[in-house]
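full-length UniProt numbering applies: residue 1 is where the sequence shown begins, and numbers increase by one. Where is the CB? At the ideal position from N, CA and C, for every residue including glycine. Keep in mind the model is a prediction, meaning the values are calculated, not measured. First the structure, in the form of structure tokens, and then the observations on it.
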Amino acid sequence: MELPGFAVAVWMYVCLSASVGGYPNGKVREACTSMVPCHGSSPQLSPEHTITVNGTEFKPGDSIEVHLSGPDFEGFFIQARDAEHLDSPAVGSFLLADRRRSQLLTCGRTKVERNSAVSHTSKSKKKEIKVYWIAPGDAPKHVQFLATVVKKYRIFWVKIPGPIVSQTDVLSPTPPLHATSEAMSTSYPVSYISKPFSASGCGSMKFCIRNPSNCDPGSASCFFLSFQQEESSVFIEMSGPSEGYLAFALSHDQWMGGDDAYLCVNEDHRIHVSTAHLKERSYPLLDLENALEDVSWRLADGVLQCSFRRRIRLPAYKGRFNLDTSYYIFLADGEASEGGLIHKHRRQPLVTDGLYNVTGPPQDIGGSRSPRLIKAHGALMFVAWITTVSIGVIVARFFKPVWSHSFLFGKELWFQVHRMLMLTTVMLTSISFVLPFVYRGGWSQQAGFHPYLGCAVMALAIFQPLMAGFRPSRHAPRRQLFNWFHWSTGTTARILAVVTMFLGMDLPALDLPDPWDTYTMIGFVAWHVGTDVLLEIHSYCLVRKVIEDDRVQILQSLTSAEAEGCLFKQIVLTIYVCGNIVFLVAFLIAINQV
């Protein structure tokens, strides 16, 4: 769940201590060592951009003009390093020529390392950048300029080699040092899946998760994840209706954070498969090294499919969980923009209801996109504010004269039924009110107006029976004032409850099927209001009939009218209760299937 539904561009925070997070604002101090963007893919091998300088020699304190130019690019990172030891820290400092498009960064904690790198200030397109490098007093004999350039999110070059400048009276190094761009050995062969996955073998040969239960992974509405052990490795298949991305994660609990994640992302109509680490509720930190083999994918008819193999144990890869242990399993989907930039999923991930070992006995299970406590919260609120309170209001409003001569435990029947239903409403609301706080561990900042209105409904629900405890006697002067306050408070609570339910049904934590949930709730409101109006019209007609009768026959008319009204009202109440229960059952079934 979603909210819900807004898209936030994902530029990664910190990949590893030796990697650069893909920040659009260019504040990438973590890039000081590797100069590698944490974008979850390998760098390009043939640079399109060049670095030029206005001189080849320098002495301490000299200024050298440095140009980075080429086709449009979004981000960059420039350093100068010892040409004979390119893995050493940056040397010298920079001055800016254009503060709107470039900014200074400090790589290190000492004064001599201040302003030792330059990066972009935004992801706006640019063709060239000019800066000035100031040679330090302790500069090495030979200095080489290096640049990382990001064209698009997954298209970038790392450590593009620039010219080597040397101190005066020092011979230039021969042969040229490090004349090629650094490449990373994380690529792997990718093949195309020829046909949809099959659920054959689920529960007998492989461990499967399907939503809806027992769905066909070839259909356009089925989310499917399978694990099949093959000696020391596991073959994994994942598919679902998405043209953006699919992802699953292994977790020690049912909360996001500290999880081992695997993503299949649509990148310009090609599927990129990568591993990642989930840190709390932030965006995934994509890994630079990929531990996956035999990667395949398919994107057809709105269904994304990918498969790959990974070893059960990967001690050399930090953050990869062993697959011979039990975990909660998350399955999520969402949108991806141009270049494979993923957006936050708009609805809750599918989560297994328990811990499972995917290398254990094969099973064919489902999952839920809504936590059990949130389901219970929604179910209890529906029972309270669709059924018990609605019937209680109808009984008090229209059955007081009908059941005035029937008693239960010494009180009039209509009053006892009304009081029982209203106290049940307060009890169910109170229990339900606590559950989201237990689940969230506090107040939710992502639920919009729903929790605020819910608190108002809870307060009014508690206030009603307290006010009823101070009800004046039937003929007391203040009884009319009490009746008005009692009616207005109850009506306000019911209206707010319906609005709160409308908002809650589409929150990511529950997210009932849309637009079915909206139309069904509108149908219930129309059903209740229609019944109320019908009984009001009937009561009005009875009163008019009695008034128009001859005064001599008025007592007889009242008696016959009461008998006629009693039968009609009881029939209407029976039909209303049946219809009310139909609406309630429909919502409860929908909650159970989420």
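Asked                                                                                                         : Found
For E231, the three-state DSSP class (helix, strand or coil)                                                  : coil
Helix, strand or coil at Q416 according to DSSP, with G and I counted as helix                                : helix
Exposure of Y452, with buried meaning 16 or more beta-carbon neighbours within 10 Å                           : exposed
Delimiting residues of the beta strand (DSSP E) encompassing F330                                             : 328 to 334
Strand pairing of L96, partner residues [DSSP]                                                                : V131
Beta-carbon proximity check, F73 vs S119, cutoff 8 Å                                                          : no
Expected contact under 8 Å - CB spacing of Q305 and F207 to nearest Å                                         : Not a contact, Cβ separation roughly 18 Å.
Element boundaries [alpha helix (DSSP H), containing V457]                                                    : 450 to 468
N99, buried or exposed, once every other Cβ within 10 Å from all chains shown has been counted against 16     : Contrary to the premise, residue 99 reads as Arg rather than Asn in this sequence. Exposed, by the Cβ-count rule.
Reference P472; option with closest CA among N483, T531, P465                                                 : N483
Proximal residues to L177 (C-beta, below 6 Å), its chain only, five neighbours per side dropped               : At L177 the pLDDT is 42, less than 50, meaning the model places this residue with poor confidence; the figure from the coordinates comes in the next sentence. Contacts found: A83.
Residue 615 - DSSP class collapsed to helix/strand/coil                                                       : Here the chain covers residues 1 to 594 and nothing more, so residue 615 does not appear.
Closest by C-alpha distance to H49, when choosing among H67, P60, K59                                         : H67
Segment contact, 8 Å Cβ cut-off, at least three pairs: the stretch 501 to 508 with the stretch 449 to 465     : yes
Cβ pair R346, E267 closer than 8 Å                                                                            : no
G244 versus Q348 - alpha carbon distance                                                                      : 16 Å
Contact check, F398 vs K569, beta carbons under 8 Å                                                           : yes
Cβ-based burial, H405 [other Cβ within 10 Å; buried from 16]                                                  : exposed
Element boundaries [beta strand (DSSP E), containing L246]                                                    : 245 to 251
Euclidean distance between Cα positions of S88 and W133                                                       : 17 Å
CA-to-CA distance, A447 to C578, given in whole angstroms                                                     : 33 Å
For F437 and Q464, the rounded distance between their alpha carbons                                           : 23 Å
Contact the stretch 416 to 432 vs the stretch 367 to 387: 3+ CB pairs below 8 Å                               : yes
DSSP three-state assignment for R471, whether helix, strand or coil                                           : coil
Meets three-Cβ-pair contact criterion under 8 Å: the stretch 350 to 362 and the stretch 227 to 234            : yes
Rounded straight-line distance, which links the Cα of V273 to that of V265                                    : 6 Å
Identity of the residues DSSP links to F308 by a beta bridge                                                  : I236
CA-to-CA distance, F224 to A300, given in whole angstroms                                                     : 15 Å
Distance between G75 and P140 (C-alpha atoms, nearest Å)                                                      : 28 Å
Paired residues, beta bridge with Y192 - DSSP                                                                 : W297
F145: first and last residue of the uninterrupted beta strand (DSSP E) it sits in                             : 142 to 152
Proximity test, S204 beta-carbon vs the ligand FMN heavy atom, cut-off 7 Å                                    : The ligand FMN is not part of this structure, which contains no ligands at all.
Own chain partners of T148 with C-beta closer than 6 Å, once the 5 adjacent residues on each side are dropped : M35, F77, V158
Three-state secondary structure assigned by DSSP to Q254                                                      : coil
Boundaries (first-last residue) of the beta strand (DSSP E) holding I495                                      : That residue, I495, is in no beta strand (DSSP E); its alpha helix (DSSP H) goes 479 to 504.
Contacting residues, own chain, Cβ-Cβ under 7 Å from L104 (five flanking each side not counted)               : F94, L96, N115, V118
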